[in-house]
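Protein chains in written order, with my numbering: chain G, 1 to 116; chain Z, 1001 to 1114. What follows is a short report on a single structure.
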Amino acid sequence: AQKITQTQPGMFVQEKEAVTLDCTYDTSDPSYGLFWYKQPSSGEMIFLIYQGSYDQQNATEGRYSLNFQKARKSANLVISASQLGDSAMYFCAMKRMGSGYSTLTFGKGTMLLVSP
Amino acid sequence: DGGITQSPKYLFRKEGQNVTLSCEQNLNHDAMYWYRQDPGQGLRLIYYSQIVNDFQKGDIAEGYSVSREKKESFPLTVTSAQKNPTAFYLCASSLGGYSNQPQHFGDGTRLSIL
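Right under this line is the structure:
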């Protein structure tokens, strides 16, 4: 079974600073993918970034980057130059890759508040 | 624009009543999913469908039913057997469960008990 743990219920950051949101995972599958989603107060889930377990480099998408440490089973999201619009819930999720159909397993999320 | 449309945005259910949440996508995705989100919690999978006329139970399927008669549509019925239906429901779709493609989500339906 897969498990995602997000240990930070809430995080505060000042505008223009960088922030790291933690995500650790547990799986026995050798091939898996890790996803980060943003959920603003309006409710929709917005896909941010993806990291495959066999990817050689850490994923980056604009201001988002993923600090992937496979041996430690962690996939932390780094947001650089925070903006007020980054205030939202952030969810880490994973799925098994390779053989067989698989679905996403989500963590409980981290609430990020960006202050002026 | 391609996307996922959920309706209604807000829904109220009376005791003993079944209600149906609509989910339509025009992304030409094969797979569709229904999730439930409770306050302070992550998303929990209710049902998913890989292809038309096929669907599987997720982690919390009891008290819910689905159908997949068309590729574009995956309605969720919350039956009277679901004793605690108050939650935020999210529908999603993806190219398939075998790929690394992300799931795309609708805006959600908030269900409350009258």
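For glycine and all other residues, C-beta sits at the position ideal for the given N, C-alpha and C.
Looking at the DSSP output, A1092(Z) sits in a beta bridge with Y1033(Z), F1105(Z). Between the alpha carbons of N1100(Z) and L66(G) lies a distance of about 16 Å. Cβ contact annotation for E61(G) (same chain, cutoff 6 Å, sequence separation greater than five): I49, in chain order.
Three or more Cβ pairs closer than 8 Å define a contact, and the stretch 1072-1081 of chain Z falls short of that threshold against the stretch 83-92 of chain G. In the structure shown, G85(G) adopts helical secondary structure according to DSSP, grouped into three states. In the DSSP assignment, the residues bridged to T1005(Z) are E1024(Z).
Nearest CB-CB separation between E44(G) and chain Z: below the 7 Å threshold. The alpha-carbon separation between Q57(G) and G1096(Z) amounts to approximately 25 Å. Counting along the chain, the unbroken beta strand (DSSP E) around Y64(G) starts and ends at 64-69. Rounded to whole angstroms, the separation of the alpha carbons of K1014(Z) and S115(G) is 41 Å. When the beta-carbon positions are compared, T1109(Z) and L1021(Z) come within less than 7 Å of each other. Around the Cβ of R72(G), a 10 Å sphere holds fewer than 16 other Cβ atoms; the residue is exposed.
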